[in-house]
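S.K.: Numbering-wise (the numbering used here), the sequence shown opens with residue 1 and increments by one. Dropping a structure here in structure tokens format, bear with me for questions.
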Amino acid sequence: MRKRNGFTLIELLVVIAIIALLLAILMPALQRVRKQARAVACQSHLKQWCIVWSMYLNDHNGSFHPGWAPTSAGFLPSHTWPNVLASYMKNEKIRFCPTAKKVRSEGAVDPYAAWGPRSAFKMTTGSYGVNGWVCNPSMATGDLYPTRGEPVAWLWRTINVGKGLTPRIPLFSGCCTIDGKPLKADAPPENVTDIADWGSGGSEMKRFCLARHEGAVNVTFFDFSLRKIGVKELWTLKWHREFDTAGPWTKAGGIRPENWPQWMRGFRDY
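Take a look at the structure:
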């Protein structure tokens, strides 16, 4: 009797079909695991940034950097966090969220694009940014940017604001540029790629409202805690001293699910 070697065509097709079925079942689970791993790595980076900020603030009696604000010499890049924190930051990898390592000129697409490169900064690129309202410029009165209405009286200037407030004030977060100063009426992005890059004006909440982690943003706070914040929850945080946490883009302020852009409607309301 002739001995049979190998598979028949039908058997081979059955094996291929089984493998394809298993891949179809496993791939979504693997993608979820990969996304979760990136979110955890992002949180790890931000925890290290908390240490960096803590060291800087300890060296400056709790006062923040001057920031990107007008001075008698104009706007000084040397006053921005990518420059003042450079000597404290020892691990280059923490400059980037794992979902946003490349800049737009390298083919990255928002919201998965890092900001930069900016030659005026010692840290030329990154994918995190600071709450611009924390800064401590030399200005004592007036508006930082009169066209948007940004009174310097709203600035936090120092980390020493009282324990009751510290868990509510954003410090550092995923961001499409180096900073942003959200206002209560700032509109959300109309679509997932509608971000407001540096110098573009308009809603600066868009700079933080990034769908990098399945409808959430990793945010550090004044007490150096880290929380996963829903993209709609951003409007309930205490960005500046007079920020209305029950403003028009919150449930308390009367927003309805259908008022949000289509891409945000499935996310949790706050």
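Just so it is clear, CB atoms sit at the ideal spot from N, CA and C, and this is done for glycine as well.
Does DSSP classify Thr166 as helix, strand or coil?
M.R.: One-based indexing of the sequence shown puts residue 166 at position 166. Looking at Thr166 - three-state DSSP - the assignment turns out to be helix.
S.K.: Within the continuous beta strand (DSSP E) that includes Val219, where are the two ends?
M.R.: In the sequence shown, the residue the question calls residue 219 occupies position 219. Looking at the DSSP string, the run of the beta strand (DSSP E) that includes Val219 is Ala216 to Phe221.
S.K.: Would the stretch 133 to 144 count as touching the stretch 157 to 174 if we require 3 or more Cβ pairs under 8 Å?
M.R.: Touching, yes.
S.K.: Since Val217 and Leu226 should fall inside the 8 Å C-beta cutoff, what is the C-beta to C-beta distance between them, to a whole number of angstroms?
M.R.: Position 217 of the sequence shown, counted from the first residue, corresponds to residue 217. Position 226 of the sequence shown, counted from the first residue, corresponds to residue 226. Wrong, their Cβ atoms sit about 11 Å apart, outside the cutoff.
S.K.: Going by alpha carbons, who is nearest to Pro111 out of Arg241, Cys175 and Ala17?
M.R.: In the sequence shown, counting from the first residue as 1, residue 111 sits at position 111. Per the Cα distances, Cys175.
S.K.: Below 8 Å between beta carbons: does that hold for Trp81 and Val130?
M.R.: One-based indexing of the sequence shown puts residue 81 at position 81. One-based indexing of the sequence shown puts residue 130 at position 130. In this structure, Val130 lies closer than 8 Å to Trp81 by Cβ.
S.K.: In its own chain, which residues sit with a C-beta less than 6 Å from the C-beta of Glu242, not counting the 5 before and 5 after it?
M.R.: For the purposes of this step, residue 242 is identified with residue 242 of the sequence shown, where counting begins at 1. So the qualifying residues of the chain are Trp154.
S.K.: Here's the rule: buried if 16 or more other CB atoms are within 10 angstroms of the residue's CB, otherwise exposed. What is Thr99?
M.R.: In the sequence shown, residue 99 corresponds to position 99, counting from 1. Thr99 should be labelled buried.
S.K.: Answer with buried or exposed for Thr236, where buried requires no fewer than 16 other C-beta atoms within 10 angstroms of its C-beta.
M.R.: Locating residue 236 in the sequence shown gives position 236, where the first residue counts as 1. Thr236 should be labelled buried.
S.K.: Excluding the 5 residues preceding and the 5 following Glu214 in the sequence, name in chain order all residues of the same chain whose CB lies nearer than 7 Å to its CB.
M.R.: Within the sequence shown, numbered from 1, the residue matching residue 214 stands at position 214. Excluding positions up to five away in sequence, the list reads Lys35.
S.K.: Can you give me the C-alpha to C-alpha distance between Phe308 and Thr250, rounded to a whole angstrom?
M.R.: Outside the displayed span of the chain (1 to 270) sits residue 308, for which this structure offers no information.
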